[in-house]
Amino acid sequence: MVNRQKNLLPAFESAEMRTLAESLRYYSGNPDVKWESIKGLENAKRLLKEAVVMPIKYPKYFTGLLSPWKGILLFGPPGTGKDCLSYCCCSCSPDV
Numbered sequence: 001m002v003n004r005q006k007n008l009l010p011a012f013e014s015a016e017m018r019t020l021a022e023s024l025r026y027y028s029g030n031p032d033v034k035w036e037s038i039k040g041l042e043n044a045k046r047l048l049k050e051a052v053v054m055p056i057k058y059p060k061y062f063t064g065l066l067s068p069w070k071g072i073l074l075f076g077p078p079g080t081g082k083d084c085l086s087y088c089c090c091s092c093s094p095d096v
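Start counting the sequence shown at 1; every next residue gets the next number (full-length UniProt numbering).
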C-alpha cells in the first residue's frame, strides 16, 4: 500500500524554489521531541519553558506585569541544539 500525502505546497516558478520549500517542510508534523531527550543546555531549556511553555499552560498567571515575552532569539554556531529546542517547544504546546 502506498501512503500518498496531499501536496500542500503552492505552485512555484522554478524547480529550485520548489526544492527549497520541500526541504523546509521536513518536520511538517508533530516533531515529538521531549525535554528529557535534549542533553545539557539546562539554562536554555529553563528559559524556554519560562518564556513559551508556561504562558501557554497557565495563561491566567501571565497577565499585567507578568506578561509573556514578545520573542526569543536562539543564536549560536551550527550543531548547538537550536532546532532541537524549538522542536521541543512545538511538541510541548498543542496550539502551535
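Glycine included, every Cβ here is placed at the ideal spot set by N, Cα and C. Note that the coordinates shown come from a computational prediction; the quantities given were computed from them, not determined experimentally.
Count the CB pairs spanning the region 34 to 54 and the region 80 to 88 that are closer than 8 angstroms, and state whether there are at least three.
Touching, yes, given that three or more Cβ pairs across the two stretches are closer than 8 angstroms.
Chain-order list of residues whose beta-carbon lies under 6 angstroms from that of F62 (same chain, five-residue window excluded)
Counting only residues of its own chain and dropping the five nearest sequence neighbours on each side, F62 has a CB closer than 6 angstroms to the CB of P55 and P68.
Below 7 angstroms, is the gap between the Cβ of R46 and the nearest heavy atom of the ligand ADP?
With respect to the ligand ADP, the structure offers nothing, as it holds no ligand at all.
In terms of residues, what are the limits of the alpha helix (DSSP H) holding I56?
I56 -> alpha helix (DSSP H) spans M54 to K57.
Assign Y26 to buried or exposed, taking buried as 16 or more other Cβ atoms, counted over all protein chains shown, within 10 Å of its Cβ.
Because Y26 sits at a pLDDT of 49, beneath the cut-off of 50, its placement in the model cannot be relied upon, and the point is left open.
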